[in-house]
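In what follows, a single structure is set out as structure tokens and then discussed.
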Amino acid sequence: MLTAIIAMVVLAGLFGLLLGYAAVRFRIEGDPIVDQIDALLPQTQCGQCGYAGCRPYAEAIAHGEADINRCPPGGETGIIALADLLGRDPVPLDEEVGEAQEVKLVAVIEEKDCIGCTLCLQACPVDAILGAAKQMHTVIRDECTGCKLCVPPCPVECIRMVPLEPDLSHWKWPAPDDSRGNANPASPTASEVA
Amino acid sequence: MTEYALILASTILVNNFVLVKFLGLCPFMGVSRKLETATGMGLATTFVLTLSSVCSYLAYEYLLIPLGLEYLQTITFILVIAVVVQFTEMVMHKTSPVLYQVLGIYLPLITTNCAVLGVALLNTQEQHDFIQSALYGFGAAVGFSLVLVLFAAVRERVAVADVPEAFQGNAIALITAGLMSMAFMGFSGLVAG
Chain A
1 MLTAIIAMVV
11 LAGLFGLLLG
21 YAAVRFRIEG
31 DPIVDQIDAL
41 LPQTQCGQCG
51 YAGCRPYAEA
61 IAHGEADINR
71 CPPGGETGII
81 ALADLLGRDP
91 VPLDEEVGEA
101 QEVKLVAVIE
111 EKDCIGCTLC
121 LQACPVDAIL
131 GAAKQMHTVI
141 RDECTGCKLC
151 VPPCPVECIR
161 MVPLEPDLSH
171 WKWPAPDDSR
181 GNANPASPTA
191 SEVA
Chain B
1001 MTEYALILAS
1011 TILVNNFVLV
1021 KFLGLCPFMG
1031 VSRKLETATG
1041 MGLATTFVLT
1051 LSSVCSYLAY
1061 EYLLIPLGLE
1071 YLQTITFILV
1081 IAVVVQFTEM
1091 VMHKTSPVLY
1101 QVLGIYLPLI
1111 TTNCAVLGVA
1121 LLNTQEQHDF
1131 IQSALYGFGA
1141 AVGFSLVLVL
1151 FAAVRERVAV
1161 ADVPEAFQGN
1171 AIALITAGLM
1181 SMAFMGFSGL
1191 VAG
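For the protein sequence lines, the chains are A and B, in the order given.
So for the first sequence, my numbering puts the first residue at 1; every next one is plus one.
So for the second sequence, my numbering puts the first residue at 1001; every next one is plus one.
See the structure below:
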């Protein structure tokens, strides 16, 4: 009995060491291009591209299964950045997935109409809507990515998308934009600001 | 030499693991929807099955028998198979990304393929030596791949056929497998193995 236990423990220990050694010796970094593409995507996880989130879309681009023009939240800036990274020509946003947002939008709930059904909570990919059953809901403005996924589920149509005007608390210095030769730093678009 | 040829013929056709011994049925039903995946699974299984068959033989012969622990063979073989699969996956990922792309997702699945354990156990039961074990594992894997690919090809046709509602999906797949099994029964008597 004791022999059996010792034999199994030794065997398991040896295999464990072998696998541990192999894990270090044969370590492999994930596909770096996927990480780079993923970093350029807006991480709204909105699924408007037809994939489950930004990471699967990045993988699809890396494997050549998807074109780079399927990300509405990324807009033109995103497409140009992706085109730069992959050495392709920029293409206009795929009409199938929606229109480009020139202005960053946020969802606003008309609070007097909200019936507290929680349907929009389930739709929100970034948990930017706060609320509970039969309680009034509200949108956390800073968390909202403007993906519009909460609009269709609302049974009383109390969610509106409003443009997010940069104000003092939101304004950020525009990033230096060298991806477009004709960029005009004097008038950055709102999507670049926010 | 004849003996080795007999082992191969016997495992591939006469005592086919899937259709005659009914081992490894879950990957047989699971990954046979497309010819492509079936081929990938077949290749990965061939590789792992041969290797694990040899490793199990070594573990049994040089560890369990000297210690008089033959009754621990099942758990030992499971351990060996799991390690072989994991190790193969890591090495393959590092050394051959192309092969890993083809076989990648099927490798971990093989750990739970009962044909792999079945081969290891049958090797000890039939008291095969080293080369016989390797051939037995290889033959079993080739037989598995063969029927998997054949079955996938049949299923691709069946998928577009007008199947009565009650038989759609897995039902018709199982019936097809049964018919294939009957066809393979015809090989028995080909060799006395």
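Positions of the beta carbon are idealized from the N, C-alpha and C atoms, including for glycine.
What does Leu-11 of chain A reach in chain B if we use C-beta pairs closer than 9 Å?
Ala-1059, Leu-1063, Thr-1076, Leu-1079 and Val-1080
Which one of B:Phe-1130, B:Asn-1015, B:Thr-1088 and B:Leu-1148 has the shortest CA to CA distance from Val-1031 of chain B?
B:Leu-1148
Determine, using beta carbons only, whether Met-8 of chain A comes closer than 8 Å to chain B.
yes
DSSP three-state label for Pro-32 of chain A, please.
Three-state result, Pro-32 of chain A: helix.
Short of 7 Å in beta carbon distance, which residues of its chain neighbour Ile-115 of chain A, apart from the five on each side in sequence? Order them along the chain.
Val-156
Roughly how many angstroms separate the alpha carbons of Glu-1003 of chain B and Asn-1113 of chain B, rounded to a whole number?
27 Å
Rounded to the nearest angstrom, what separates Tyr-1060 of chain B and Glu-143 of chain A at their Cα positions?
60 Å
Can you give the Cα-Cα distance for Ala-1183 of chain B and Thr-1045 of chain B, rounded to whole angstroms?
In this structure, the alpha-carbon of Ala-1183 of chain B lies about 23 Å from that of Thr-1045 of chain B.
Please identify, using Cβ separations under 9 Å, the residues of the region 18-47 of chain A that lie next to chain B, in order along the chain.
Leu-18, Leu-19, Ala-22, Ala-23, Arg-25, Phe-26, Arg-27 and Ile-28
Do we get a CB-CB distance below 8 Å when we pair Thr-3 of chain A with the residues of chain B?
yes
Can you tell me which of A:Glu-165, A:Phe-15 and A:Leu-85 puts its alpha carbon nearest to the alpha carbon of Lys-104 of chain A?
Of A:Glu-165, A:Phe-15 and A:Leu-85, the smallest CA-CA separation from Lys-104 of chain A is found for A:Glu-165.
Quick check on the DSSP output: what are the complete beta strand (DSSP E) runs of length 3 or more inside the region 103-160 of chain A, in order along the chain?
For the region 103-160 of chain A, whole beta strand (DSSP E) runs of length 3 or above, ordered along the chain, are 105-109.
Give the residues of chain A in contact with Leu-1067 of chain B, contact being defined as C-beta atoms less than 7 Å apart.
For Leu-1067 of chain B, the chain A residues whose C-beta falls within less than 7 Å of its own C-beta are Thr-3 and Ala-7, listed in chain order.
Quick check on His-1093 of chain B - is its C-beta less than 8 Å from some C-beta in chain A?
yes
Kindly list, in the order they appear in chain E, the residues whose Cβ is closer than 7 Å to that of Gln-1127 of chain B.
The question asks about chain E, but that chain is absent: this structure's protein chains are A and B.
Looking only at DSSP bridge pairs, what is Val-162 of chain A linked to?
A:Val-106
What's the C-alpha gap between Leu-11 of chain A and Thr-1088 of chain B?
18 Å
Against Val-1116 of chain B, what residues of chain A qualify as contacts under a CB-to-CB distance less than 7 Å, listed in chain order?
In chain order: nothing, as chain A lies at least about 16 Å away.
Determine contact between the region 1155-1170 of chain B and the region 1064-1078 of chain B, defined as no fewer than three beta-carbon pairs at a distance below 8 Å.
no
Can you tell me the Cα-Cα spacing of Gln-45 of chain A and Arg-160 of chain A, whole angstroms?
20 Å
Go ahead and pull the three-state DSSP assignment for His-1093 of chain B.
helix
Is any heavy atom of the ligand SAH found at a distance shorter than 7 Å from the C-beta of Asp-142 of chain A?
This structure does not include the ligand SAH; it has no bound ligands of any sort.
Look up Ser-1053 of chain B in the DSSP assignment and say whether it is helix, strand or coil.
helix
Tell me, please, whether the region 1011-1029 of chain B touches the region 1050-1068 of chain B by the rule of three or more beta-carbon pairs shorter than 8 Å.
no
Got a sec? Which residues, its chain only, sit under 6 Å from Cys-154 of chain A by beta carbon, not counting five neighbours each side?
These residues qualify, in order along the chain: Cys-120.
Excluding the 5 residues flanking Leu-1150 of chain B on each side, which residues of the same chain have their C-beta closer than 8 Å to its C-beta?
In its chain, beyond the 5 residues on either side, Met-1180 have a beta carbon closer than 8 Å to the beta carbon of Leu-1150 of chain B.
Closest to Leu-1135 of chain B by C-alpha separation, out of B:Val-1048, B:Lys-1021, B:Gly-1189 and B:Pro-1066, would be which residue?
B:Val-1048
Could you have a look at Ala-1009 of chain B and say whether DSSP puts it in helix, strand or coil?
helix
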